[in-house]
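First comes the structure, then the notes that go with it.
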Amino acid sequence: MKITKTIPSILKYFSFPLLLFVFLQNHRSQALLATIATAVNHPSPPSSAVVSSGDLKIRRGYTTYDAYIQRQLNKTLNPKLRKIWTTRDWDRKVNVFSRFFKELMDENLLSKSSKSLSIGARVGQEVAALKLIGVSDAVGMDLVPFPPLVVKGDFHNQPFDNDTFDFEFSNVFDHALYPKKFVAEIERTLKPNGVCVLHVALSTRGDKYSANDLYSIKPLTKLFRRSDLVRVRKVDGFGLDTEVVFRKKKK
151 MKITKTIPSI LKYFSFPLLL FVFLQNHRSQ ALLATIATAV NHPSPPSSAV VSSGDLKIRR
211 GYTTYDAYIQ RQLNKTLNPK LRKIWTTRDW DRKVNVFSRF FKELMDENLL SKSSKSLSIG
271 ARVGQEVAAL KLIGVSDAVG MDLVPFPPLV VKGDFHNQPF DNDTFDFEFS NVFDHALYPK
331 KFVAEIERTL KPNGVCVLHV ALSTRGDKYS ANDLYSIKPL TKLFRRSDLV RVRKVDGFGL
391 DTEVVFRKKK K
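Structure (structure tokens):
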């Protein structure tokens with residue numbers, strides 16, 4: 151997909167020969183030209199995407215939402231990664247997720263009757279883990295479907311009705327370009343008294359596909375405006391070190 155670059159407004163008024171002349175006449179213009187070159191080669195993202203504050207930083211570099219989606223698809227559709235996820239990685243991840251979910255079940259945060267959603271499920275290891283421990287009504291959602299475990303959907307705009315799920319899980323919060331929308335969609339589709347569990351990284355930086363960096367749970371507690379924080383604990387979740395549990399408030 152072709153991405154249209156944002157040209158600095160100064161180029162509308164100055165031709166390249168004129169800029170070159172200024173450069174030759176005044177050495178201070180070298181800094182100006184460097185700034186122009188940087189802006190052309192690395193266009194700024196939409197202003198609405200740059201909403202960094204405190205312990206939650208949005209990464210720069212996305213000129214459009216389509217550009218962001220394409221970058222996510224570059225990982226999700228990578229044939230080498232998909233082969234790994236569905237072969238040698240499968241049993242290992244299903245077993246680890248099963249242990250996580252069983253512990254949540256022991257704490258009465260999840261039950262076999264919970265209608266459950268895994269957000270950003272890729273090929274559905276989390277869904278398979280839920281079904282393995284008896285949660286039969288479970289489905290995953292990702293940009294690329296993987297039937298029958300994963301349906302197509304964008305976590306910034308979930309394809310589900312309000313108050314649909316008893317339990318939602320995600321370990322892809324760092325991939326959200328709009329964290330506020332990501333959380334709002336969880337709270338919209340979660341039933342009152344429903345539980346959301348996030349696995350996040352606080353002590354390490356996400357990979358090159360991450361859209362944000364989180365440094366504490368404080369931003370999460372502010373984003374979950376319709377939910378109460380249940381608990382926080384350390385985990386070893388495939389590069390993610392912290393499990394955060396929220397429960398949606400009753401109406």
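Per this note's numbering, the sequence shown starts with residue 151, numbered consecutively.
Ideal Cβ positions, reconstructed from N, Cα and C, are used throughout, including at glycine.
From the DSSP output, in three-state form, read off residue i for me.
i                 : result
lysine 283        : Sequence inspection shows isoleucine at residue 283; the lysine mentioned does not correspond to that position. Looking at isoleucine 283 - three-state DSSP - the assignment turns out to be coil, as it is neither helix nor strand.
alanine 288       : strand
histidine 349     : strand
aspartate 385     : Looking at the sequence shown, residue 385 is not aspartate but valine. Residue state, collapsed to three classes: strand.
phenylalanine 332 : helix
aspartate 363     : strand
aspartate 391     : strand
aspartate 304     : strand
leucine 206       : strand
phenylalanine 310 : coil
leucine 340       : strand
glutamate 276     : helix
alanine 326       : coil
leucine 370       : helix
leucine 231       : helix
arginine 221      : helix
aspartate 357     : coil
tyrosine 215      : helix
alanine 189       : Any reading at alanine 189 needs caution, since the residue's pLDDT is 30, under 50, leaving its predicted position unreliable; the model's value is listed next. Helix, per DSSP.
For residue i, which residues in the same chain have their Cβ closer than 6 Å to its Cβ, ignoring the five residues on either side in sequence?
i              : result
isoleucine 283 : Ser248, Phe251 and Lys252
lysine 262     : Gly284 and Val285
arginine 238   : none
threonine 371  : Leu379
aspartate 316  : Ser264, Lys265, Lys341 and Gly344
tyrosine 218   : Tyr212 and Leu327
serine 353     : Asp391
lysine 368     : Asp205
valine 303     : Looking at the sequence provided, one finds glycine at residue 303 rather than valine. Closer than 6 Å at the Cβ level, and outside the excluded window around glycine 303, lie Met291 and Pro309.
lysine 400     : Pro342 and Asn343
Considering only residues of the same chain and omitting the five flanking positions on each side of residue i, which have a CB-CB separation below 7 Å?
i                 : result
arginine 221      : Tyr359
valine 333        : Leu373 and Phe374
asparagine 307    : Glu335
aspartate 287     : Lys265 and Ser266
serine 198        : Since pLDDT at serine 198 reaches only 42, below the 50 mark, its modelled position is unreliable, and the value read off the structure follows with that caveat. Taken in chain order, the list of residues that qualify is empty.
lysine 225        : Leu231 and Tyr359
phenylalanine 276 : Sequence check: residue 276 is glutamate here, not phenylalanine. Here the set comprises Phe247, Ser268, Gly290 and Phe319.
Quickly, what does DSSP pair residue i with across the bridge? List them, please.
i                 : result
arginine 397      : Val345 and Asp378
glutamate 318     : Leu267 and Cys346
phenylalanine 296 : Val300
Take residue i and list the residues in its own chain whose beta-carbon comes closer than 8 Å to its own, dropping the five residues that flank it on each side.
i            : result
lysine 384   : Asp391, Thr392 and Glu393
leucine 223  : Leu293 and Val294
lysine 382   : The amino acid at residue 382 is misidentified as lysine; the sequence shows valine. These residues qualify, in order along the chain: Ile367, Thr392, Glu393, Val394 and Val395.
arginine 355 : Asp363
lysine 331   : His306 and Asn307
Using 9 Å as the threshold, is the C-beta distance between residue i and residue j below it?
i                 : j                 : result
serine 320        : serine 268        : yes
aspartate 387     : histidine 325     : In the sequence as presented, aspartate is not what sits at residue 387; that position holds glycine. Taking 9 Å as the Cβ cut-off, glycine 387 and histidine 325 do not qualify as a contacting pair.
glutamate 402     : lysine 398        : Absent from the structure is residue 402, since the part of the chain shown begins at 151 and ends at 401.
valine 347        : leucine 206       : no
glycine 274       : phenylalanine 296 : yes
phenylalanine 310 : valine 322        : no
alanine 278       : tryptophan 240    : yes
glycine 389       : alanine 351       : yes
threonine 339     : aspartate 313     : yes
proline 329       : isoleucine 208    : yes
arginine 272      : valine 300        : yes
Does chain C have any CB closer than 9 Å to the CB of residue i?
i             : result
threonine 339 : Reference to chain C is not applicable here, since this structure consists of a single protein chain.
Give the list of continuous beta strand (DSSP E) stretches no shorter than 3 residues that lie fully inside the segment 235 to 266.
none
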